[in-house]
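Okay, so here's the structure we're looking at.
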Amino acid sequence: MANERDLLSTEIVNRGIESSGPNAGSLTFSVRVRRRLPDFLQSVNLKYVKLGYHYLINHAIYLATIPVLVLVFSAEVGSLSKEELWKKLWEDACYDLATLLAFFGIFVFTFSVYFMSRPRSIYLIDFACYRPNDDIKVSKEQFIELARKSGKFDEASLEFQKRTLMSSGIGDETYIPKALIASNENCATLKEGRAEATSVMFGALDELFEKTKVKPKDVGILVVNCSIFNPTPSLSAMIINHYKMRGNILSYNLGGMGCSAGIIAVDLARDMLESNPNNYAVVVSTEMAGFNWYQGKQRSMLIPNCFFRMGCSAVLISNKCRDHSRAKYRLEHIVRTHKGAHDSSFRCVYQEEDEQGFKGLKVSKDLVEIGGDALKTNITTLGPLVLPFYEQLLFFATLIRSHLFGSNAANSPNSSRKPYIPDYKLAFEHFCVHAASKTVIDELQTNLELSDKNMEASRMTLHRFGNTSSSSIWYELAYLEAKERVKRGDRVWQLAFGSGFKCNSLVWRSMRRVKKPSTNNPWLDCIVRYPVPLTPSL
């Protein structure tokens, strides 16, 4: 475990002009102490590296034998002249009909077993991200003013939310539910939750069906994930009822699984598609910002108010061979990590009531450190599947050296030498990291040694739409498409983390060059203004 002092970072925050007290009229500053992500390489567990190689070997063992067989066959045939080969095939071999039929039967049986046992390719046909109307767009100043007018927060709580917002990385064009704007009453009701769910889910799905020209009745699998709002009937049932989908549809509703549930939903859809050939699956990822609105005074529970905003994504995936030509992406890998066995991880994002009975999400001060530990495990397992061989070799050699000679290295003059961090830029062309907060994005960039260009989609999504929970990684991919950066063969890494505590990775490969969409993209009206310069925290 890293030294406690090494996990702390400090920053000076400008708190503005003091309005009262002995220092009235003067600028005031405070020193904020935060926990940083732990060094991923210092405590990597070799069992997760072994797990990654286990996945790799399971999928590659059959392909590895093909070059050997080809080499053996080539060596045998290459040693014969043309005349000798012809003689061996036709003059020396005395084939009868039974031998030929038996050989042909074995050949057909072998290839049938192989093609039937291998998993079908999973294609992403297209996706849609909901963009609300401008009448519910708010700036940071308007957000604080709405909170003040509600009469539910004291000045200390308002000041805390203001400071959090100003250093959050969120811009002035995010969206909140109408109930928060138009009413001072409690908006965390089933009625308001259903109204918000109807708006965002149907908005995203209408756009998806329009883009793909797929009819709702053609969809055989539906997976919906929403962490906080889980009414009865379920959100998936609301969608089936609205679009009059077929009676034998396989529907699932995932709740309470946090901001990484979108990748879990894709994983579930993939498993269902492998069991149900020639089918379409729709994955809907969303969160109800209004239903999650906290009205109390606990600062650790006020943080979600400042970050979470309206958003929803709808994704159409298929295992039909004929969709190969029109698909945008092909699914390559899914790696899931769950740290819920540890109490601190389990409770780091926890829904509960405060002392006044107000319901909300409590965010632990150890969230960044816990998230870093989950991320470390996840990327260690993912590495052998995606990194070039020489990167894996260097990384593995570093791990072996640190585990075998760790105690001696600590006392050596070279103990301060920085361990080798794999270059994930060699494995992926594009990064879609969950837009949780500016602090999390900054720490991830530092520890994974990524460039500002690599993190641009995450930062701009946080600035334009806020933290839209599990759908944020799709707004980021929409940003990359609007910028026309996705080329044929490019690999996209979607990385998300959430309560539990979970960290999940999703890897896609682009099937074609994605041109800038003319309609149905949430960035179309503003993409020319992005990327915008972001003011660093003082």
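Numbering follows UniProt numbering, in which position 89 of the sequence shown is assigned residue number 89; successive positions increment by one, without gaps.
Ideal Cβ placement from N, Cα and C applies to all residues, glycine included.
Per-residue burial, Ser510 [other beta carbons within 10 Å of its own, 16 or more giving buried]: buried
Span of the alpha helix (DSSP H), counted from its first residue to its last, around Thr440: Residue 440 is actually Val in this sequence, not Thr. Run containing Val440: 438-448, per the alpha helix (DSSP H) assignment.
Status (buried if at least 16 other CB within 10 Å, exposed otherwise) for Tyr422: The residue you asked about is not Tyr; residue 422 is Pro in the sequence shown. Burial call: buried.
Span separating the alpha-carbon of Asp531 from that of Asp366: First, the amino acid is wrong: residue 531 is Pro here, not Asp. Those two C-alpha atoms are separated by around 31 angstroms.
Boundaries (first-last residue) of the alpha helix (DSSP H) holding Ser300: 299-307
Per DSSP, the bridge partner or partners of Arg330: Tyr123, Arg509
Supposed close pair Gly262, Ser471 - CB separation, criterion 8 angstroms: 6 angstroms
Chain-order list of residues whose beta-carbon lies under 7 angstroms from that of Tyr424 (same chain, five-residue window excluded): Leu448
Between the CA atoms of Cys226 and Gly371 - distance to the nearest angstrom: 20 angstroms
Span of the beta strand (DSSP E), counted from its first residue to its last, around Ile221: 221-225
Pairwise C-alpha distance: Ala281 and Lys217: 11 angstroms
Chain D within 8 angstroms of Cys312, Cβ atoms only: The chain inventory of the structure shown lacks chain D, comprising one protein chain alone.
Best match in Ala327, Arg512, Asn520 for proximity to Leu316 [C-alpha to C-alpha]: Ala327
Touching by the beta-carbon criterion (3+ pairs, under 8 angstroms), the region 495-510 and the region 147-156: no
Sequence-distant residues of its chain with Cβ nearer than 6 angstroms to Lys359 (five each side left out): Glu353
Residue nearest to Glu207 in terms of C-alpha spacing, selected from Glu332, Arg529, Leu393, Thr519: Thr519
Exposure of Ile228, with buried meaning 16 or more beta-carbon neighbours within 10 Å: buried
Sufficient close CB pairs (3 or more, under 8 angstroms) joining the region 186-204 to the region 287-306: yes
CB of Cys253 within 8 angstroms of CB of Leu268, strictly: Note that residue 253 is Asn in the sequence shown here, rather than Cys. For Asn253 and Leu268, no; Cβs fall outside 8 angstroms.
Inter-residue spacing [alpha-carbon to alpha-carbon] between Leu382 and Pro177: 37 angstroms
Beta-carbon separation (whole angstroms), Leu273 vs Leu124, contact threshold 8 angstroms: With 8 angstroms as the limit, Leu273 and Leu124 do not qualify as a contact, their Cβ atoms being about 12 angstroms apart.
Local conformation of Val315 per DSSP, three classes: strand
DSSP bridge partner residues for His434 (one or two, in chain order): According to DSSP, His434 bridges with nothing at all.
Inter-stretch contact at 8 angstroms, needing at least 3 Cβ pairs: the region 295-310 / the region 448-460: no
In DSSP terms, what Gly360 is bridged to: Glu352
Sheet register partners of Val138 (DSSP bridge): Thr174
Expected contact under 8 angstroms - CB spacing of Cys306 and Gln161 to nearest Å: 5 angstroms
Integer Cβ distance of Leu524 from His463, believed to fall under 8 angstroms: Contact doesn't hold; Cβ gap of about 17 angstroms is too wide.
Proximity of Val368 and Val283 at Cβ, strictly below 8 angstroms: no
Arg309 vs Tyr175 beta-carbon contact at 8 angstroms: yes
Residue burial classification, Lys213 (beta-carbon count within 10 angstroms, cutoff 16): exposed
Nearest-angstrom Cα separation, counted from Phe107 out to Ile379: 40 angstroms
Among Gln494, Val200, Gly171, Leu101, the one whose alpha carbon lies nearest that of Asn133: Val200
CB contact flag (Tyr479, Gly311, <8 angstroms): no
C-alpha distance - Leu101 paired with Phe109, whole-angstrom precision: 12 angstroms
Span of the alpha helix (DSSP H) around Arg459: 456-465
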